[in-house]
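J.: Would you mind keeping the following structure in view while I ask a few things?
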Amino acid sequence: MKKQKIILSIFLSAILIIATLSVYAEVGPTYAIVHCTVVPVSGPPVENGVIIIRNGLIEAVGVFGGITIPDDAEVIEAGEMYAYPGLISAHTNLLLEPARPPSQTQGEASSSQQPDEKPGWQKAELMAFESLRIKKTTIEDLYKAGITTILVAPEQNIFAGQSVVLNLRGESKEAMVLKQPFGLHVNFVTARGEYPSSLMGTMALLRQSFLDTEHYRLYKEQFTKSPSGLKRPEYNPFLENLLPYVINKKPIIFNCANIEDIKRAIRLTQEFKLNSYISGANEAWRVVDWIKKAQLPLLVSLDTRPPNMSKYVRQGDALKKEAEESIYPANAANLYKDGVKFALTSLGLSKSADIRKNLRTVIKAGFPEEEVLKAMTLYPAEYLGIKNLVGSLEPGKIANVVLTTGKIFDEKTVVQKIFVDGMFFEVKQPSKKAEPTSLDISGKWKAVVDSSMGAMDMTIEFIQDGSNITGSFTSEMGKWDITDGVLSGNELTFSISANIMGESMAMEFSGTVDEESLEGDISVQGENAKLKATKIPDGGVEENSL
Amino acid sequence: MKNKCFVLIVCLCLLGLINVSYGQDLLIKNGTILTVTQGEIPNGDILIVNGVIKQIGRDIQAPEGIQIVDATGNFIIPGIIDSHSHLALSGINEGTVAITSEVDMRDVLNAEDTGILTALSGGVTMIHTMHGSANPIAGENIVLKLKWGKTSEDLIVHEAYRTLKFALGENPKRSRASGTNTTPRYPQTRMGVNAIIRREFNKAKNYMEQWDRYEKLKAMKKPPKNLIPPRKDLRLEPLAAMLRGEIVARCHAYQADEMIEFINLSKEFGFTIACFEHAWEGYKIAKEIVANNIGISVFADSWAYKVEASEGIAYNAGFCANQGVLVSINSDSGERIRRLFNDAAKTMKYGGLSENEALRLITINPAIQLGVDDIVGSLEVGKHGDIAIFHEHPLSVYTRCEMTIIEGDIYFDRALYLKEREEMEKKEKETAKKKKGGGQ
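Those protein sequence lines, which keep their order, are chains V and W. Okay, so the first sequence: first residue is 44 according to the numbering used here, each after it adds one. Okay, so the second sequence: first residue is 180 according to the numbering used here, each after it adds one.
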């Protein structure tokens, strides 16, 4: 009996020791990255450099030979490579649990349904942190773009919720948090089927909410000081959530899809003396005077597609094309020329390939490479209030280091190794080439998409060129282009650049296909829908063409 | 002394700035000028300096370097004003609830609405762009000048009345919340519409009194302890402003009975009705409308498109104008807006108005309704250089607008536009060709 106890206690302490060890293991061993070109961003590049990483932090940065390599360090030979600080995307909607569809009773909206007391727009209490779903593939994909730090914000509704800043070390969400909560996110959107269903209603609602917060605070304060003659104030959970932002001036991030949104955000900021950030803002150059005067932190999205209400897309195809190809990609360059400081974010882009491609587009449009680098390191670190932790390769900062085969934004450059919090990750290289396929899927397909919103009929038309697939997607919501399609064996993937009620949205399809049928998933901003399609025989008559 | 000098200099600088940014210089030569308020001038010139009409007459000496528009053989009229429009907005109705006085069209201006170009091509220089008619009490409207290419803020006419949209009759009583929510919305009858408006004004009265009480207490030498301002209610603020006479009502109404009811409400609470919108049965109560100093803003014809318009008549505008009602012809449409001059001409046939009386319906009358008749609406020295030039008499069925000018700036030039369009079409074709070529 006694023996058993002893064994048990030995066993328990062994577990304890292992557990303790694992805590140390988490920060990773000591590394010495040698012989690389170090680009600290905060200072000039160092040829033949060394970076020492210990306990998750950068211990030293310098020239090889000028710094002693610690005995316990694992040496990473990085000759021919470049070392950059991990890039920061100061606004994403990634890694979030898909929003639950509105509770729908089957059949008629029955009386048994609990009336939802809280209006749909009111999600101020929603914490991105609580909804995080750590997807390894997403993080690995971000590594490919050299991104190690992101802000994750809830995406939908007028008061969308509160964001969190993560260092993408890829374990538990708790381990990744740099700032929680960071800010309150506000969208200039409308509610569906309830107040406010118009943008002017949204503006009124925002003003009334801010006013109410001020009044709530005033009343509460007064009551606490001296209650005589006053009714005890009721607790208001919604306004409680706004207090830190409206009264204590924590950041409110306004998502601005066009110039009017930017001006709306600036007006609200002035009316209520808010600590506002402007995000999205891919028309910012058009209101540069407002931007300069307001001096708000500006988070410019790399998604350079023109908004639907833009005058450039409503006056003929020629101008629209110009807008897409050159006018809008020059936003960052124009802001820079006007002396505006800003961070670049990946908002609206979910794939590293797109992020890298758009970074090159922005550079090609005239935004200097050194500035792009700052706009993805130093400036976002400053705006997110973490500049003492990340954003450059300096002793004392968190060891977020990206090792690349060349200059980071060059087309051929590949991110090979990455350190996050001093933990080492080998970056998976782009997958093999498409398998040759014997299938011919070109032609029209009749498709049904089944999502939480119900079933929808569509017609797909594929154009096949070897394993490359393009084409279009036609539904009652319009005609959308299919891009980047790859047919590999019987596996089919493609993207759809959709336009839903004026909002651009990227959808991804992946599934399997044979001569006659097609089946797979479409993902839209984290939500999945099933797509099934059958081939319309060539020469067959489309139903809706009658 | 030094300080005063400084202030003076700053003021002068500001004045200079305002002048500089305010309009252009332009000389329009040798056209038939229809001033609307001061008769007709054949072979006349108009000189605009800094956006304001400086001189009207014959053989005006051209100041050096000024841009000249030759209007020989053309007709020059004041820029057309549409008293009831929904252009240049992102969203028109907040239809989910019946009372939405908190919304303001100023928040959703869209200066890039290509409808502005369409309107300019019909000689329109100013619009009153409004909330829709889904709600008994809707939102605050705004008056804009159609300065295509300028920012939304540049379009706003600050001199105009503040107006709040109301709606009676079929539209507000049949509105439902949009989207998935299809339950009927109170009110469902005309009496309901009337009752809900009264209820809101009672609330507003109460609200106003609450604030007055607070301000009074605050102003006391020893304000009471624990004095807290009332909650600011954006829905009641505009109604309170109406009770204080700072905002006037623009009320969508078709039938005579509902207009009379609304007049009674205005007397009950003491607010001002600037104008009834559409007012198809205005001819039945022209006397009452005149007696209460209310305008009407109407269509020229095309009545009977729904039950409450079934007793509309083409003579409505002309008859009411002859009775002394302040009548304007409106478009309420992004398409009809470009031929308001045709609609005005109809009142000559139906109602027997004179040319000048017909022109008034789309120029000075809407200007009076919007409270901007001291700056626009007719061609007079001192008013803004907002002008439309037609190749024939503007009330001829064969006429077309050649040029539209706002504050001396040419915003529409038909000849130039046609040339640009041709070039654009050429470019489009090239793009299409390239696209095709790339696909092969």
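The C-beta atom is built at its ideal place from N, Cα and C for all residues, glycine as well. What you are looking at is a predicted structure, and each value in this text was computed from that prediction instead of being measured.
Leaving out the 5 sequence neighbours to the left and right, which residues in its chain are closer than 6 Å to residue 124(V) when beta-carbon positions are compared?
T.: Excluding positions up to five away in sequence, the list reads 79 and 446.
J.: Opposite residue 207(W) in the DSSP bridges: which residues?
T.: Per DSSP, 225(W) and 248(W).
J.: I want to see whether chain V comes within less than 8 Å of residue 346(W), judged by CB atoms only; does it?
T.: Closer than 8 Å: no.
J.: So which of 493(V), 503(V), 311(V) and 267(V) has the shortest CA-CA distance to residue 486(V)?
T.: With distances taken between Cα atoms, residue 486(V) lies closest to 503(V).
J.: Can you check the region 343-403 of chain W for any alpha helix (DSSP H) of at least 4 residues that lies completely inside it and give the ranges in chain order?
T.: Counting whole runs of 4 or more residues, the region 343-403 of chain W contains the alpha helix (DSSP H) stretches 349-353 and 369-398.
J.: With 8 Å set as the bound, which would you pick, yes or no: does the beta-carbon of residue 407(W) sit closer than that to a beta-carbon of chain V?
T.: So yes, residue 407(W) belongs to the interface.
J.: Name the two residues that bound the continuous alpha helix (DSSP H) containing residue 294(W).
T.: Unbroken alpha helix (DSSP H) run through residue 294(W): 294-299.
J.: Just confirm the distance between the C-beta atoms of residue 229(V) and residue 253(V), as a whole number of angstroms; I'd bet it's less than 8 Å.
T.: At roughly 10 Å, the Cβ-Cβ gap does not stay under 8 Å, so residue 229(V) and residue 253(V) are not in contact.
J.: Near residue 533(W), what residues of its chain come up, given a Cβ to Cβ distance below 8 Å and the 5 sequence neighbours on each side ignored?
T.: Counting only Cβ-Cβ distances below 8 Å, and skipping sequence neighbours, we find 527.
J.: If you measure between the beta carbons of residue 418(W) and residue 388(W), is that distance less than 8 Å?
T.: No, these two residues do not count as a Cβ contact at 8 Å.
J.: If we call anything under 8 Å between Cβ atoms a contact, is residue 171(V) one with residue 427(V)?
T.: Cβ distance not < 8 Å, so residue 171(V) and residue 427(V) don't count as in contact.
J.: Among 72(V), 291(V), 413(V) and 295(V), which residue has its Cα nearest to the Cα of residue 86(V)?
T.: It is 413(V) whose Cα lies nearest to the Cα of residue 86(V).
J.: Do we get a CB-CB distance below 8 Å when we pair residue 255(V) with the residues of chain W?
T.: Cβ-Cβ to chain W under 8 Å: yes for residue 255(V).
J.: Grouping DSSP H, G and I as helix and E and B as strand, with all else coil, what is residue 471(W)?
T.: Three-state DSSP puts residue 471(W) in coil, outside helix and strand.
J.: Are the region 347-354 of chain W and the region 560-571 of chain W touching by the rule of at least three beta carbon pairs closer than 8 Å?
T.: Touching, no.
J.: Roughly how many angstroms separate the alpha carbons of residue 566(V) and residue 551(V), rounded to a whole number?
T.: Taking the straight line from one Cα to the other gives about 5 Å.
J.: Which residue comes first and which comes last in the alpha helix (DSSP H) that contains residue 246(V)?
T.: From DSSP, the alpha helix (DSSP H) with residue 246(V) extends over 242-268.
J.: With a Cβ-Cβ cutoff of 8 Å, do residue 303(W) and residue 323(W) count as a contact?
T.: No, Cβ-Cβ distance for residue 303(W) and residue 323(W) is not below 8 Å.
J.: Taking residue 429(V) as the reference, which of 82(V), 493(V), 278(V) and 194(V) has the closest Cα?
T.: The shortest Cα separation from residue 429(V) among 82(V), 493(V), 278(V) and 194(V) belongs to 194(V).
J.: How would you call residue 97(V), buried or exposed, if buried means at least 16 neighbouring beta carbons within 10 angstroms?
T.: Buried, because 16 or more other Cβ atoms sit within 10 Å of the Cβ of residue 97(V).
J.: Residue 284(W) by DSSP, collapsed to three states: which one?
T.: Three-state result, residue 284(W): helix.
J.: Using a Cβ-Cβ cut-off of 8 Å, state whether residue 403(V) counts as contacting chain W.
T.: Residue 403(V) does not count as touching chain W.
J.: The beta strand (DSSP E) spanning residue 254(W) covers which residue range?
T.: Residue 254(W) -> beta strand (DSSP E) spans 254-257.
J.: Among residues of its own chain, excluding the 5 on either side of residue 249(V), which ones have a beta-carbon nearer than 8 Å to its beta-carbon?
T.: Contacts found: 201, 229 and 311.
J.: Quick check on the DSSP output: the alpha helix (DSSP H) that includes residue 199(V) runs from which residue to which?
T.: From DSSP, residue 199(V) is part of no alpha helix (DSSP H); its letter is neither H nor E.
J.: Listing by chain order, which chain V residues have their CB less than 8 Å from the CB of residue 413(W)?
T.: Within chain V, the residues near residue 413(W) are 247, 250, 251 and 254.
J.: Going along chain V, which residues have a C-beta under 7 Å from residue 294(W)?
T.: None at all; the shortest Cβ gap to chain V is about 10 Å.
J.: Tell me the DSSP secondary structure of residue 108(V) in three-state form.
T.: It is coil, neither helix nor strand.
J.: In the DSSP assignment, find the unbroken alpha helix (DSSP H) run with residue 517(W) in it and report its ends.
T.: Premise fails: residue 517(W) is in no alpha helix (DSSP H) and is neither H nor E.
J.: Would you be able to state if there are at least three C-beta pairs under 8 Å between the region 348-366 of chain V and the region 374-382 of chain V?
T.: No, because fewer than three Cβ pairs between the region 374-382 of chain V and the region 348-366 of chain V fall closer than 8 Å, the two stretches do not touch.
J.: Would the region 354-364 of chain V and the region 377-385 of chain V be scored as touching if the rule is three or more Cβ pairs under 8 Å?
T.: Touching, no, given that fewer than three Cβ pairs across the two stretches are closer than 8 Å.
J.: How is the beta strand (DSSP E) around residue 395(V) delimited, first residue to last?
T.: Segment 395-407 is the alpha helix (DSSP H) holding residue 395(V); no beta strand (DSSP E) there.
J.: Find the residues of chain V that neighbour residue 318(W), judging by a C-beta separation of less than 7 Å, and give them in chain order.
T.: Near residue 318(W) (Cβ distances below 7 Å), the residues of chain V are 243.
J.: Measuring CA to CA, which of 273(V), 269(V), 302(V) and 579(V) is closest to residue 329(W)?
T.: Ranking 273(V), 269(V), 302(V) and 579(V) by Cα distance to residue 329(W) puts 302(V) first.
J.: Taking its Cβ as the centre, do 16 or more other Cβ atoms sit within 10 Å of residue 381(W), making it buried, or is it exposed?
T.: Residue 381(W) is exposed by the Cβ-count criterion.
J.: Shorter than 8 Å from the beta carbon of residue 326(V) to some beta carbon of chain W?
T.: No - not a single Cβ of chain W is within 8 Å of the one on residue 326(V).
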